[in-house]
Amino acid sequence: MRLIVKEYICQLKEKDELDVLLSQIFVQKGYIADNQPKTGNRQYGVDIQLHNEDELLMLIVKQGNIDREIWDGSINAVRQSLDEIKDVIINSLTFKEKEKSIRIIVATNGQKEESIKLNWNNYVNNNRIWNEISISIEFMGIDDIVKEILDNFFNEYLFDVSLHSAMRKALYFIGEGDYKREYYEKIVDSLIANLEDSKKKKFDKICATLYLASQMICQYAYDNGNNKISIMVSEYVIIKYWKYVVENEILEKTRFIEWLLKFCKSYEKWNDIYVTKIKRIVDKEVILPNYNVVENRILFYEILGYIASYGNYLLDVNPEKAKNNLSIIIELINEYPYFDYAPYDSNIGIVIMIYKIMHYYVRIDEIKILMKNQAYNLVEYYCSQRKFPAQTDCFDEAVKIEESMGTVNYEVSAFWGYYLLLIEQLNYKELYESIKEFLKVDLKNVSKCVWFLKKGEELLFYESLAMNMAGEGIEITVEKTFEDFVTKVQFILKQYENDRFSFDEYSFKSLEVIICHYFGYIPRVKFELEKE
Numbered sequence: 015m016r017l018i019v020k021e022y023i024c025q026l027k028e029k030d031e032l033d034v035l036l037s038q039i040f041v042q043k044g045y046i047a048d049n050q051p052k053t054g055n056r057q058y059g060v061d062i063q064l065h066n067e068d069e070l071l072m073l074i075v076k077q078g079n080i081d082r083e084i085w086d087g088s089i090n091a092v093r094q095s096l097d098e099i100k101d102v103i104i105n106s107l108t109f110k111e112k113e114k115s116i117r118i119i120v121a122t123n124g125q126k127e128e129s130i131k132l133n134w135n136n137y138v139n140n141n142r143i144w145n146e147i148s149i150s151i152e153f154m155g156i157d158d159i160v161k162e163i164l165d166n167f168f169n170e171y172l173f174d175v176s177l178h179s180a181m182r183k184a185l186y187f188i189g190e191g192d193y194k195r196e197y198y199e200k201i202v203d204s205l206i207a208n209l210e211d212s213k214k215k216k217f218d219k220i221c222a223t224l225y226l227a228s229q230m231i232c233q234y235a236y237d238n239g240n241n242k243i244s245i246m247v248s249e250y251v252i253i254k255y256w257k258y259v260v261e262n263e264i265l266e267k268t269r270f271i272e273w274l275l276k277f278c279k280s281y282e283k284w285n286d287i288y289v290t291k292i293k294r295i296v297d298k299e300v301i302l303p304n305y306n307v308v309e310n311r312i313l314f315y316e317i318l319g320y321i322a323s324y325g326n327y328l329l330d331v332n333p334e335k336a337k338n339n340l341s342i343i344i345e346l347i348n349e350y351p352y353f354d355y356a357p358y359d360s361n362i363g364i365v366i367m368i369y370k371i372m373h374y375y376v377r378i379d380e381i382k383i384l385m386k387n388q389a390y391n392l393v394e395y396y397c398s399q400r401k402f403p404a405q406t407d408c409f410d411e412a413v414k415i416e417e418s419m420g421t422v423n424y425e426v427s428a429f430w431g432y433y434l435l436l437i438e439q440l441n442y443k444e445l446y447e448s449i450k451e452f453l454k455v456d457l458k459n460v461s462k463c464v465w466f467l468k469k470g471e472e473l474l475f476y477e478s479l480a481m482n483m484a485g486e487g488i489e490i491t492v493e494k495t496f497e498d499f500v501t502k503v504q505f506i507l508k509q510y511e512n513d514r515f516s517f518d519e520y521s522f523k524s525l526e527v528i529i530c531h532y533f534g535y536i537p538r539v540k541f542e543l544e545k546e
């Protein structure tokens with residue numbers, strides 16, 4: 015976190031940013047501000063003046079490293095500011111102010127360069143008494159500022175007033191059971207909305223703020239034992255930043271991609287921590303908590319969702335590492351019996367994510383085994399107990415289905431719609447023939463639907479409720495023969511084969527999975543093989 019805060023502080027401008035932050039730091043420490051930093055004010059060398067019961071504090075604020083030019087090369091140099099304080103401010107102090115200890119701090123979000131250290135030391139040693147008043151002259155560099163922030167000031171006041179309330183909620187409610195995404199989404203959305211790609215300094219400043227704000231929330235979540243929030247925040251930052259660069263057509267400009275890479279590194283960091291945690295379950299150091307049957311299945315699929323979505327990301331950046339995620343997934347499925355009966359209809363999206371990784375490593379026979387077991391178990395659950403994945407992805411509906419023994423109407427299923435796409439993509443005739451009658455007769459009143467997004471609607475994909483606002487829902491029907499079924503499905507798929515999105519064009523295919531994981535969408539049934 016120290017490096018994150020440091021990077022943010024380095025981006026601040028001298029006026030109206032760094033000076034305001036420094037003023038807030040000392041106010042937080044119990045000082046009273048005698049003036050407010052403001053561009054254009056005549057200050058006689060002092061940018062900020064504060065006091066407490068025992069001390070009068072004056073700050074000279076500079077941006078960047080103090081080199082020879084900043085030290086003594088212009089009318090606004092540090093030495094000139096110090097001399098002006100000596101000649102004007104000290105001689106204007108009240109009797110009460112003269113009784114206090116007087117500290118002068120030269121504060122910068124850089125460091126003293128080696129070339130001026132001797133000049134600095136000599137000046138400080140030769141200026142301990144001004145007009146018979148003892149003076150302390152100190153230097154406060156970037157590392158000192160970062161320490162002050164981490165020790166005394168690690169809260170929402172690092173940011174603009176407009177973000178204070180959202181940041182407060184994003185941090186303070188992390189420990190609550192029902193943590194709402196809107197707390198951090200508002201922060202990310204407002205910062206992204208203020209990005210201006212034509213102004214590098216402002217752009218970098220806002221991106222640094224976005225990075226710091228998101229990492230603060232991630233760190234707080236981690237410290238509170240909820241690493242999943244850290245991952246969700248990281249996902250949302252990537253999604254919204256990618257939308258911005260796509261919308262502004264700046265994907266081919268390196269400096270904008272550098273920030274994307276930084277956000278991706280954060281995503282990797284928090285996922286790696288989560289994977290390590292789940293590995294302890296695989297290694298039997300800990301076991302999954304045992305709730306009721308519905309909660310057990312929900313928790314299991316939640317874990318699979320995090321591991322599988324990150325595994326797909328690793329296929330883009332580190333395929334060898336992705337194998338580790340796949341091993342964890344397979345061992346979890348072998349150890350716990352919850353995979354066959356997904357709690358929610360949209361969990362087919364997580365199933366597809368898992369099969370994407372398996373297919374990449376040409377583990378197609380294993381995919382077919384998992385598909386067959388899952389299909390047969392779902393057929394059995396429905397025929398014997400009228401149980402099925404909850405259509406609304408709602409816990410209450412899942413519980414009701416579990417307890418109602420057939421009183422909940424089954425009307426629509428993305429699960430079976432996408433299962434049929436999987437069967438066609440894998441040319442799994444045996445499975446089709448074995449469940450065909452069930453799908454056609456037992457589920458004759460259930461629409462087996464899939465969702466396709468058109469290229470022109472891509473920007474809506476980066477928002478919640480995209481499946482309600484864009485795209486097309488298509489029903490996949492069961493045909494008499496497998497050959498007729500394949501022909502029908504291939505005809506449907508052909509209508510959308512030219513809908514390539516920005517993440518396809520720019521080799522970031524796993525972004526689709528990150529978006530689907532975050533918003534609960536279902537990724538395309540589109541497989542790739544490991545590159546030789």
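Residues in the sequence shown are numbered consecutively from 15, following the working numbering. Where is the CB? At the ideal position from N, CA and C, for every residue including glycine.
On the CB-based measure, 16 or more other CB atoms within 10 Å of its CB, does residue i come out buried or exposed?
i	result
G59	buried
A207	exposed
T122	buried
M483	exposed
E249	buried
D30	exposed
R16	exposed
S106	exposed
Y535	buried
Y186	exposed
K126	buried
F505	exposed
Return yes when the Cβ of residue j is within less than 9 Å of the Cβ of residue i, no when it is not.
i	j	result
Q25	D48	no
V202	V259	no
V527	E438	no
D456	C530	no
N90	G124	no
I321	L346	yes
L434	M385	no
M372	I364	no
L96	I163	no
Y22	Y225	yes
I366	V539	yes
I84	Y532	no
L340	I159	no
K215	K414	no
A235	I188	yes
Assuming residue i and residue j form a contact by the criterion Cβ under 8 Å, report the distance between their Cβ atoms to the nearest whole angstrom.
i	j	result
I231	Y255	I231 to Y255, Cβ: 16 Å. No contact.
V393	K450	In fact, because the Cβ distance is near 11 Å, the residues do not count as touching under 8 Å.
F314	Y350	6 Å
I368	L318	7 Å
D359	A428	5 Å
N285	I245	6 Å
D354	N391	4 Å
D68	K114	6 Å
D33	V75	4 Å
I130	D81	7 Å
S524	Y327	4 Å
State the DSSP-derived secondary structure class of residue i, mapped to helix, strand or coil.
i	result
E152	strand
F466	strand
K293	helix
E355	The question names Glu, but residue 355 in the sequence shown is Tyr. Here Y355 sits in coil by DSSP.
S176	helix
T491	coil
A484	coil
Q229	helix
L265	coil
V60	coil
R195	coil
L132	helix
E309	helix
V34	helix
L17	helix
I159	helix
M536	Sequence inspection shows Ile at residue 536; the Met mentioned does not correspond to that position. In this structure, I536 counts as coil in the three-state DSSP scheme.
I301	coil
I321	helix
I147	strand
Comparing the C-beta of residue i with each C-beta of chain B, is any distance below 9 Å?
i	result
E417	Here there is only one protein chain, and chain B is not present.
Output the residue ranges of the alpha helix (DSSP H) runs that lie fully inside the segment 340 to 386 and measure 4 residues or longer, sorted by chain position. 362 to 374
Which full runs of the beta strand (DSSP E) of 3+ residues lie inside the segment 395 to 481, going along the chain? 461 to 466
Output the residue ranges of the beta strand (DSSP E) runs that lie fully inside the segment 45 to 130 and measure 3 residues or longer, sorted by chain position. 62 to 65, 69 to 76 and 115 to 122
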